[in-house]
Amino acid sequence: MPRFFFNIRDGYDVDEDEEGIELPDLEAARAEALATVEELRDELRDAGNIELEITDETGRRLLTVPFFRGGQGGRRR
1 MPRFFFNIRD GYDVDEDEEG IELPDLEAAR AEALATVEEL RDELRDAGNI ELEITDETGR
61 RLLTVPFFRG GQGGRRR
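In terms of the UniProt record's numbering, the sequence shown opens at residue 1 and continues consecutively.
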């Protein structure tokens, strides 16, 4: 099963996920990212332009999900 990593990016800095999560596919990783964004949105309201990026085991960015509307998210890279 592939391992996906969920990094928080604020435009300048990246808080890298060191452990990752094994999930069946990218759609499952996307669902996990959306759930995480919902949980953290209120805590990070004043933090600016934040995205949750999903990477694979090689570090390749697969998808980004914005925390706030108006960002560019949910797009594949």
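From the three backbone atoms N, C-alpha and C, an ideal C-beta is built for every residue, glycine too. Bear in mind the structure is a predicted one, so any value in this text is a computation, not a measurement.
Taking the beta strand (DSSP E) that residue i belongs to, which residues open and close that run?
i	result
T58	It is not in any beta strand (DSSP E) - T58 carries neither H nor E in the DSSP assignment.
R9	R3 to R9
Within the 7 Å Cβ cut-off, does residue i reach chain D?
i	result
V37	Considering every chain present, this structure includes no chain D. It has just one protein chain.
Near residue i, what residues of its chain come up, given a Cβ to Cβ distance below 6 Å and the 5 sequence neighbours on each side ignored?
i	result
L23	F4 and A29
residue 83	The first residue shown for the chain is 1 and the last is 77, placing residue 83 beyond what the model contains.
Where residue i and residue j are concerned, what is the direct C-alpha to C-alpha distance, given to the nearest angstrom?
i	j	result
E27	E43	25 Å
Y12	A33	20 Å
D15	A35	18 Å
residue 124	D17	Examination of residue 124 is not possible in this model, given that the chain is present from 1 through 77 alone.
So, under 8 Å CB-CB, residue i and residue j are touching, yes? Tell me the CB distance rounded to an integer number of Å.
i	j	result
residue 100	E57	Outside the shown range of the chain, which is 1 to 77, sits residue 100, and nothing can be said about it.
Could you spell out where the alpha helix (DSSP H) holding residue i opens and where it closes?
i	result
E18	Unbroken run through E18: none, as it is neither H nor E.
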